Amino acid sequence: MKKFRYQLDQRIPIVEVVVYGIQWAVMLFPGLLIITDIAAGVLNLNIVGKAHFFQYLLVISGTFTVLQTLWGHRYPIQEGPSTAVLLAYIGIVPYGIRAIQGGLIAGGLSILLIGLSRQTRKLNQYFTPNVTGVILLLIAFCLL
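To convert, note that position 33 of the sequence shown is 55 in the numbering used here; the numbers rise steadily by one, no gaps.
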């Protein structure tokens with residue numbers, strides 16, 4: 023059996039925490055910069071708008087990463103914008119920012135209601151690991 027450096031609930035020394043935090047930030051920034059560039063280009067944002075958009079992405083991604091790490095799935099992975107969803111937003115840009123915001127609200131409420139109703143368990147029989155893997159690969163290939 024493999025011996026791990028730290029046990030599950032053991033505290034990591036502060037020096038390593040800082041190093042891992044810097045590593046996490048270095049991995050986070052490129053993805054957020056790419057999303058910012060794509061969205062700013064489509065939304066015709068000026069340099070100030072682009073900076074605000076990037077700042078919002080940093081705050082939201084950081085906040086949800088902390089929330090997920092403490093109370094959600096408990097993995098310290100980046101929680102950030104989905105490029106698959108970004109493509110849908112790009113499609114409705116001609117309808118304006120209100121359409122995008124309305125879509126976000128409607129989608130969020132729909133997911134909340136589905137989650138609260140616990141109806142997703144019935145779908146698990148259709149979404150096996152193989153099906154989920156194929157769907158994720160198709161999304162990745164569509165983004166190329």
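For glycine and all other residues, C-beta sits at the position ideal for the given N, C-alpha and C.
Note that the coordinates shown come from a computational prediction; the quantities given were computed from them, not determined experimentally.
* To do: Could you tell me whether the Cβ atoms of P103 and L54 are closer together than 9 Å?
  => Working through the sequence shown from its first residue, we reach residue 103 at position 81. Working through the sequence shown from its first residue, we reach residue 54 at position 32. Against a cut-off of 9 Å, the Cβ pair of L54 and P103 comes out as a contact.
* Report the three-state DSSP secondary structure of D59 (helix, strand or coil). => In the sequence shown, the residue the question calls residue 59 occupies position 37. Correct three-state label for D59: helix.
* How many whole angstroms separate the CB atoms of F6 and A61, which I take to be in contact at a CB cut-off of 8 Å? -> The structure shown does not extend to residue 6, since the chain is modelled only from 23 to 166, so the question has no answer here.
* With DSSP collapsed to three states, give me the class of G94. => Walking along the sequence shown from the start, residue 94 turns up at place 72. Here G94 sits in coil by DSSP.
* Inter-residue spacing [alpha-carbon to alpha-carbon] between I112 and I127 -> Walking along the sequence shown from the start, residue 112 turns up at place 90. Walking along the sequence shown from the start, residue 127 turns up at place 105. Near 17 Å, if we compare the C-alpha coordinates of I127 and I112.
* Asked: Three-state secondary structure (DSSP) at L79?
  -> Locating residue 79 in the sequence shown gives position 57, counting from the first residue. Three-state DSSP puts L79 in a helix.
* To do: To the nearest angstrom, report how far apart H95 and G71 are at their CA atoms.
  => As a first step, residue 95 must be located in the sequence shown, where it is residue number 73. As a first step, residue 71 must be located in the sequence shown, where it is residue number 49. Cα to Cα, the separation comes out at about 33 Å.
* To do: Helix, strand or coil for R143, going by three-state DSSP, please let me know.
  => Counted from its first residue, the sequence shown places residue 143 at position 121. R143: helix per DSSP, three-state reduction.
* To the nearest whole angstrom, what separates the beta carbons of A121 and I161, a pair I think is in contact under 8 Å? -> Position 99 of the sequence shown holds residue 121. Position 139 of the sequence shown holds residue 161. Rounded, the Cβ-Cβ distance is 23 Å, inconsistent with contact.
* Asked: Where does T87 land, buried or exposed, given buried means 16+ other C-beta within 10 angstroms?
  -> In the sequence shown, residue 87 corresponds to position 65, counting from 1. Burial call: buried.
* To do: Identify the continuous alpha helix (DSSP H) that holds P151 and give its terminal residues.
  => Position 129 of the sequence shown, counted from the first residue, corresponds to residue 151. Where P151 is concerned, the enclosing alpha helix (DSSP H) stretches over P151 to C164.
* Asked: Using the C-alpha atoms, what's the distance from G124 back to G130?
  -> If you number the sequence shown from 1, residue 130 lands on position 108. If you number the sequence shown from 1, residue 124 lands on position 102. One C-alpha to the other measures close to 10 Å.
* Neighbourhood of Y97 by C-beta, 8 Å cutoff - its chain only, sequence neighbours within 5 removed -> Position 75 of the sequence shown, counted from the start, is the residue given in the question as residue 97. Once the five neighbours on either side are set aside, the close Cβ partners of Y97 are Q90 and T91.
* To do: Tell me, to the nearest whole angstrom, how far the beta carbon of L30 is from that of T58; I am working on the premise that it is less than 8 Å.
  => For the purposes of this step, residue 30 is taken as residue 8 along the sequence shown, with counting starting at 1. For the purposes of this step, residue 58 is taken as residue 36 along the sequence shown, with counting starting at 1. So it is not a contact: roughly 36 Å between Cβ atoms.
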